[in-house]
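Right, one structure below, let's go through it.
Numbering (this note's numbering), first residue to last: -11 to 294.
Structure (structure tokens):
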């Protein structure tokens, strides 16, 4: 049984979803980029999701979002389903698109975590040995200069989505919002911090890849590789899937967050035990989503009701 997870309105998360068996189905060509940007924009608007950063790799997606309404599972279900169905049509692909492992959802609790994880998302193509610099990646992404002020645009893809259905507008936009932890008057300083962290991560990737005797693939080659091939670089299987991140050197924040997670899980399990014993009046801790949504269980904070 998986660990219970809090779903809290206003929380900011780093989301990662991987393609089945590391196939390159999301190769960064124009049709996939259009599908991803359009679908993310429509999904975010539908569920009240604010998007802060985004990078589509050939084998996985990274997105950093704030869930303003506390409906993150609904958003992920809808977004991932439409991306998968559109990809199957574009690639003439039979079978599942997404890996069977659960989506990674990491709550970002501090400014330091936001800086590090946004930089990680944007610099991911460099760390993977694909391009020398993050700005060169040809796939769907956010540039560091667009953080909190940019807008991505996409026309409705010509495949899968019914043009007669009003939920699929002809064109849509995706504003790139600042995370709630960042004040508007400090936006430029935040962008500079992220840019500096990207440079640090790029330099680290250059040293590692050159030290291994490898070279960078290049943007043009990345768009031309077959989407039916599979990534061959080493990747640890069943690696740790953290619940939260606080950033480097944030020991006090880590201890507080870790204690909060343990408290939530203990309260959830105690409530679930009573529920299974037939006590339907039991209250689950605030942040409980599945039991509240699908079984009508009560939670300690009525304001969380959808």
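Beta carbons are placed, not taken as given, at the ideal position from N, Cα and C, and that holds for glycine.
Where do the ends of the alpha helix (DSSP H) carrying residue i lie?
i: residue 283; result: 278 to 283
i: residue 77; result: 60 to 79
i: residue 112; result: 99 to 115
Strictly by DSSP, which residues pair up with residue i?
i: residue 55; result: -1 and 37
i: residue 6; result: 48
i: residue 161; result: 141
i: residue 42; result: 51
With distances taken from CA atoms, which of the options is nearest residue i?
i: residue 14; options: 51, 26 and 72; result: 72
i: residue 180; options: 288, 135, 154 and 264; result: 135
i: residue 91; options: 190, 283 and 64; result: 64
i: residue 245; options: 96, -9 and 81; result: 96
i: residue 80; options: 259, 214, 1 and 247; result: 214
i: residue 288; options: 281, 272 and 251; result: 272
i: residue 103; options: 229, 279 and 187; result: 187
i: residue 155; options: 237, 112, 32 and 219; result: 32
i: residue 123; options: 1, 270 and 207; result: 207
i: residue 133; options: 159, 178 and 150; result: 178
i: residue 89; options: 274, 8 and 252; result: 8
i: residue 295; options: -5, 47, 42 and 58; result: The requested residue 295 does not occur in the structure, where the chain is confined to residues -11 to 294.
i: residue 141; options: 30, 107 and 61; result: 30
i: residue 170; options: 61, 100, 252 and 18; result: 100
i: residue 23; options: 58, 67 and 40; result: 67
i: residue 69; options: -3, 86 and 158; result: 86
i: residue 139; options: 165, 149 and 158; result: 165
i: residue 11; options: 76, -5, 28 and 39; result: 76
i: residue 262; options: 2, 285, 152 and 62; result: 285
i: residue 28; options: 49, 235 and 218; result: 49
i: residue 129; options: 110, 250 and 53; result: 110
i: residue 209; options: 43, 1, 5 and 17; result: 17
The beta strand (DSSP E) that contains residue i, what's its start and end?
i: residue 93; result: 92 to 96
So, helix, strand or coil for residue i, using DSSP?
i: residue 171; result: coil
i: residue 176; result: helix
i: residue 286; result: strand
i: residue 274; result: coil
i: residue 220; result: coil
i: residue 213; result: coil
i: residue 202; result: coil
i: residue 194; result: helix
i: residue 233; result: strand
i: residue 156; result: coil
i: residue 242; result: helix
i: residue 86; result: strand
i: residue -8; result: coil
i: residue 292; result: Here the model assigns residue 292 a pLDDT of 44, short of 50, so the residue's position is not dependable, and the following value carries that caveat. In this structure, residue 292 counts as helix in the three-state DSSP scheme.
Does the Cβ of residue i have 16 or more other Cβ atoms within 10 Å, making it buried, or fewer, making it exposed?
i: residue 216; result: exposed
i: residue 55; result: buried
i: residue 233; result: buried
i: residue 294; result: Residue placement at residue 294 is poorly supported in this model, since its pLDDT is 42, which falls under 50; the coordinates are not used for a value here.
i: residue 290; result: Its pLDDT being 47, under 50, residue 290 is placed unreliably in this model, and the value from its coordinates should be taken loosely. Flag for residue 290 reads exposed.
i: residue 221; result: exposed
i: residue 167; result: buried
i: residue 189; result: buried
i: residue 112; result: buried
i: residue 74; result: buried
i: residue 277; result: buried
i: residue 282; result: exposed
i: residue 240; result: exposed
i: residue 268; result: exposed
i: residue 127; result: buried
i: residue 202; result: exposed
i: residue -8; result: buried
i: residue -1; result: buried
i: residue 185; result: buried
i: residue 275; result: buried
Return yes when the C-beta of residue i is under 7 Å from any heavy atom of the ligand NAP, and no when it is not.
i: residue 80; result: Absence of the ligand NAP is noted for the structure shown, with no ligands found whatsoever.
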